[in-house]
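Participant: Note that the protein sequences, when read in sequence, are chains A and B. Just so we're on the same page, my numbering is the position in the first sequence counted from 1, plus 1. Just so we're on the same page, my numbering is the position in the second sequence counted from 1, plus 1.
There are 2 protein chains.
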Amino acid sequence: MPALMTETAKLSQQLVELYEKLSSWEEDVVKNSGLSTAQMHTIEMVGHEEGSPLRMKELAKKMGVTTGTLTVMIDRLEQQGLLQRTPHHTDRRSYLIALTKKGQTLFVEHHQYHLRLTEEITATLSAEEQALFGAVLEKIISQM
Amino acid sequence: MPALMTETAKLSQQLVELYEKLSSWEEDVVKNSGLSTAQMHTIEMVGHEEGSPLRMKELAKKMGVTTGTLTVMIDRLEQQGLLQRTPHHTDRRSYLIALTKKGQTLFVEHHQYHLRLTEEITATLSAEEQALFGAVLEKIISQM
DNA sequence: ACAAACATCTTGACAATCAAACAATATTTC
DNA sequence: GAAATATTGTTTGATTGTCAAGATGTTTGT
Numbered sequence: 002m003p004a005l006m007t008e009t010a011k012l013s014q015q016l017v018e019l020y021e022k023l024s025s026w027e028e029d030v031v032k033n034s035g036l037s038t039a040q041m042h043t044i045e046m047v048g049h050e051e052g053s054p055l056r057m058k059e060l061a062k063k064m065g066v067t068t069g070t071l072t073v074m075i076d077r078l079e080q081q082g083l084l085q086r087t088p089h090h091t092d093r094r095s096y097l098i099a100l101t102k103k104g105q106t107l108f109v110e111h112h113q114y115h116l117r118l119t120e121e122i123t124a125t126l127s128a129e130e131q132a133l134f135g136a137v138l139e140k141i142i143s144q145m
Numbered sequence: 002m003p004a005l006m007t008e009t010a011k012l013s014q015q016l017v018e019l020y021e022k023l024s025s026w027e028e029d030v031v032k033n034s035g036l037s038t039a040q041m042h043t044i045e046m047v048g049h050e051e052g053s054p055l056r057m058k059e060l061a062k063k064m065g066v067t068t069g070t071l072t073v074m075i076d077r078l079e080q081q082g083l084l085q086r087t088p089h090h091t092d093r094r095s096y097l098i099a100l101t102k103k104g105q106t107l108f109v110e111h112h113q114y115h116l117r118l119t120e121e122i123t124a125t126l127s128a129e130e131q132a133l134f135g136a137v138l139e140k141i142i143s144q145m
């Protein structure tokens, strides 16, 4: 890191570094599951909606992709038995997307990885630091 | 957010949210430049090495892709006049990758976006919080 | 000089992505 | 209630990002 740097520049670079480390961590973890990161991301998004499954359109919006993209994505994950389309009760144009048992297992397992990483990360922080870090993240997130 | 949640689970989710917000922010910013995020990421990596340009192999390693991937990436950015290959002085197998003037301009401009975002983010934090946030990030990054 | 190691590029394959066109179903308007 | 309009999901065609494997030229060690 350059010797002369404003506080903002320093923080900006730290955010970039954190982002990159999280990226490559996720890639490593996902590779062992045989899925791509985009596929795992889809599993995470679907798994996060347990109880109120989303339609294609809603899921696509939430993920920031077009429905065309999502169609092929869901096709492949459905072929692998990780999730399934079930017809919408009142709107026959739509499907609701939900994880299968197999998909849920994968989702939970992956979630455990996240928790483990978070534990490792926070292990080096004091209780005070941890609390403040959480509070700061909360502020930042709600403001972005 | 679920009512009952361990501190770790909460923090884990916050990290995911931060990551996703940074992703979509970057996508929005990059879209206006006419490049893809992968291309902009390459510009950032190359731009970050001002003064000691890297070879294909080194850059590929740094970016976590194969040299084959990097070849086509650099081809396209070179076609757009954003960077260039220059022969390595002593090793005729290698090229050094560096930004052109046009590429540097783009790089600086993008960097400004990062700084502006960081400023926005930190604007809501007290000086104390800011300092502690930086210190915590430092710890986390060096430990990951 | 020769073989082994190395750096890059090329090729072939596939996944992810979008925009635009399309088919089926819903909704609105008259 | 029929016709026009809107919405939802899929398909198609194009581009990009990616890797693995192989080809080509270069360097290094013996």
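We treat Cβ as the ideally placed atom computed from N, Cα and C, and that holds for glycine. Only a predicted model underlies this, so the values are computations on that prediction, with no experimental measurement involved.
(1) From A:S37 to A:K58, what does the alpha carbon distance come to, in whole angstroms?
(2) Classify B:L84 as helix, strand or coil using the three-state DSSP reduction.
(3) Counting C-beta neighbours from all protein chains within 10 Å, is the total for B:P88 16 or more, i.e. buried, or is it exposed?
(4) Rounded to a whole number of angstroms, what is the C-alpha to C-alpha distance between B:R93 and B:R56?
(5) Would you mind sorting A:H115 into buried or exposed? The rule is 16 or more other CB atoms within 10 Å of its CB.
(6) Specify the secondary structure class of A:R77 as computed by DSSP and reduced to three states.
(7) Measure the alpha-carbon distance for A:L71 versus A:V137 and round it to whole angstroms.
(8) From the DSSP secondary-structure annotation, give me the bridge partner or partners of A:Y96.
(9) Which word fits A:Q15, buried or exposed, when buried means at least 16 other C-beta atoms lie within 10 angstroms of its C-beta?
(10) List the residues of chain B that A:S25 touches, going by C-beta distances under 7 Å, in chain order.
(11) Using three-state DSSP, classify A:L55 as helix, strand or coil.
(12) Could you tell me if B:G104 is buried or exposed, where buried requires 16 or more neighbouring beta carbons within 10 angstroms of its beta carbon?
(13) Applying a beta-carbon distance threshold of less than 9 Å, which residues of chain B neighbour A:T68?
(14) Which residue's Cα is closest to the Cα of B:T7: A:E51, A:G69, A:T119?
(15) Short of 6 Å in beta carbon distance, which residues of its chain neighbour B:V73, apart from the five on each side in sequence? Order them along the chain.
(16) Do B:G48 and B:F134 have their C-beta atoms closer together than 7 Å?
(17) In its own chain, which residues sit with a C-beta less than 7 Å from the C-beta of A:T123, not counting the 5 before and 5 after it?
(18) Please tell me whether B:T125 has its Cβ less than 7 Å away from any Cβ of chain A.
(19) Quick one: residues in its chain with C-beta nearer than 8 Å to the C-beta of B:M64, no 5 flanking neighbours on either side, listed in chain order?
(20) Please decide whether A:L133 counts as near chain B, where near means a Cβ-Cβ distance under 7 Å.
(21) Measure the C-alpha to C-alpha separation of A:T68 and B:K140 and round it to an integer number of angstroms.
Facilitator: In short, the structure shows the following:
(1) 22 Å
(2) strand
(3) Here B:P88 is exposed. Its C-beta has fewer than 16 other C-beta atoms within 10 Å.
(4) 11 Å
(5) buried
(6) helix
(7) In this structure, the CA atom of A:L71 is about 34 Å from the CA atom of A:V137.
(8) A:P88
(9) buried
(10) Correct list: G65.
(11) strand
(12) When all chains shown are included, B:G104 counts as buried.
(13) None at all; the shortest Cβ gap to chain B is about 18 Å.
(14) A:T119
(15) none
(16) no
(17) Q131
(18) yes
(19) H42, T43, M46, L71
(20) yes
(21) 41 Å
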